[in-house]
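Colleague:
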Amino acid sequence: MKVYTKKGDSGTTQLIGGTRIPKSSLRIEAYGTTDELNSWIGLIRDQEIDPQYVDQLLEIQDRLFTLGALLASDPETSKMKLPELSEADITYLEKAIDAMDEELEPMKSFVLPGGHTTVSYAHIARCVCRRGERIITELSANDPVSPIVLAYVNRLSDYLFVLSRKLTKDLNAKEQPWKPRM
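Per the working numbering, the sequence shown starts with residue 912, numbered consecutively.
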């Protein structure tokens, strides 16, 4: 199987189900952003972090491939059996968030992203996740998108924020509170 097909040279791509759409469509933007997020999560996973977070991030990357497949599928014409997201996937994130949060000081203010390269990667992933959530929300206003997709992405951005705080603690970095000038 060749990597290139030349079918996309005209600016269109094929969804699962056979429908060809412009590469600039919101659906392509949605699963492209999901793919970008998955790459950022891979970068976090490649850092010197606790193996339990590596395992969690691998699970999340798997779920993001599922999410991307769901977004890349034409809801009208696709007959292909695809993997699904489930409530258990959201519960997995919530349990991970709760476990990390138990080890953190309560937040007293917003925190500025940064303090360590690995922490910054987590913040970038969180921002990409939020962008993906906005795009998927807009897509769902006109095309069918499973509500669990939106719920998963929303919870994942929460996970990435708490992970950034936990990595700050684990890496002995300084959490910089935002001090608004009044």
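Each residue gets a CB set at the ideal place from its N, CA and C atoms; glycine is no exception. Being a predicted model, the structure only gives us computed values, none of them experimental.
Thinking C-beta only, is Ile-1046 closer than 8 Å to Thr-944?
Modeller: Counting from one through the sequence shown, the residue named residue 944 turns up at place 33. Counting from one through the sequence shown, the residue named residue 1046 turns up at place 135. The answer is yes: Cβ separation under 8 Å.
Colleague: Quick check on Thr-898: does DSSP put it in helix, strand or coil?
Modeller: Absent from the structure is residue 898, since the part of the chain shown begins at 912 and ends at 1093.
Colleague: Residues in the same chain with beta-carbon distance under 6 Å from Ala-1062, minus the five sequence neighbours each way, listed in chain order, please.
Modeller: For the purposes of this step, residue 1062 is taken as residue 151 along the sequence shown, with counting starting at 1. Hits under 6 Å: Ile-1001.
Colleague: To the nearest angstrom, how far is it from the Cα of Pro-1024 to the Cα of Lys-992?
Modeller: Here residue 1024 refers to the residue found at position 113 of the sequence shown. Here residue 992 refers to the residue found at position 81 of the sequence shown. Each residue's Cα considered, the two are about 40 Å apart.
Colleague: If you measure between the beta carbons of Val-1056 and Leu-978, is that distance less than 8 Å?
Modeller: Stepping through the sequence shown from its first residue, residue 1056 is reached at position 145. Stepping through the sequence shown from its first residue, residue 978 is reached at position 67. No, these two residues do not count as a Cβ contact at 8 Å.
Colleague: Would you mind giving the Cβ-Cβ distance between Tyr-1003 and Ile-955, rounded to the nearest angstrom? I have them listed as a contact below 8 Å.
Modeller: Taking the sequence shown and counting its residues from 1, one reaches residue 1003 at position 92. Taking the sequence shown and counting its residues from 1, one reaches residue 955 at position 44. Actually they are not in contact, since the Cβ atoms of Tyr-1003 and Ile-955 sit about 17 Å apart, beyond 8 Å.
Colleague: What span of residues does the beta strand (DSSP E) with Arg-931 cover, start to end?
Modeller: As a working note, residue 931 is residue 20 in the sequence shown. Unbroken beta strand (DSSP E) run through Arg-931: 931–933.
Colleague: Who pairs with Val-1030 in a beta bridge, going by DSSP?
Modeller: The residue given as residue 1030 occupies position 119 in the sequence shown. For Val-1030, which the question treats as bridged, DSSP gives no partner whatsoever.
Colleague: I'd like the span of the alpha helix (DSSP H) that includes Gln-972, first residue to last.
Modeller: Within the sequence shown, the letter at position 61 stands for residue 972. Segment 962–982, the alpha helix (DSSP H) holding Gln-972.
Colleague: Quick one: Cα of Ala-999 to Cα of Leu-948, how far?
Modeller: One-based indexing of the sequence shown puts residue 999 at position 88. One-based indexing of the sequence shown puts residue 948 at position 37. In a straight line, the C-alpha of Ala-999 is about 21 Å away from that of Leu-948.
Colleague: Could you check if Thr-1028 is buried or exposed, using at least 16 other CB atoms within 10 Å of its CB as the buried criterion?
Modeller: Your numbering for residue 1028 matches position 117 in the sequence shown. By the 10 Å Cβ count, Thr-1028 comes out exposed.
Colleague: In angstroms with no decimal places, state the Cα-to-Cα distance between Asp-920 and Ile-932.
Modeller: In the sequence shown, counting from the first residue as 1, residue 920 sits at position 9. In the sequence shown, counting from the first residue as 1, residue 932 sits at position 21. Straight-line Cα distance between these residues: approximately 13 Å.
Colleague: Going by beta-carbon coordinates alone, are Arg-974 and Leu-1050 separated by less than 8 Å?
Modeller: The residue you call residue 974 lines up with position 63 of the sequence shown. The residue you call residue 1050 lines up with position 139 of the sequence shown. It is not a contact, given that the beta carbons lie outside the stated cut-off.
Colleague: Any idea if Ser-984 is buried or exposed, counting beta-carbon neighbours within 10 angstroms, 16 or more meaning buried?
Modeller: Translated into the one-based positions of the sequence shown, residue 984 becomes position 73. The residue in question, Ser-984, is buried, as its Cβ has 16 or more Cβ neighbours within 10 Å.
Colleague: Name, in chain order, the residues that DSSP records as bridge partners for Leu-1023.
Modeller: Taking the first residue of the sequence shown as 1, we reach residue 1023 at position 112. Leu-1023 is bridged to Gln-1087.
Colleague: Quick check on the DSSP output: the alpha helix (DSSP H) that includes Thr-945 runs from which residue to which?
Modeller: Along the sequence shown, one-based indexing puts residue 945 at 34. 937–956 is the extent of the alpha helix (DSSP H) around Thr-945.
Colleague: Taking just the CA atoms, how far does Ile-952 sit from Arg-1041?
Modeller: Your numbering for residue 1041 matches position 130 in the sequence shown. Your numbering for residue 952 matches position 41 in the sequence shown. So the two alpha carbons sit approximately 14 Å from each other.
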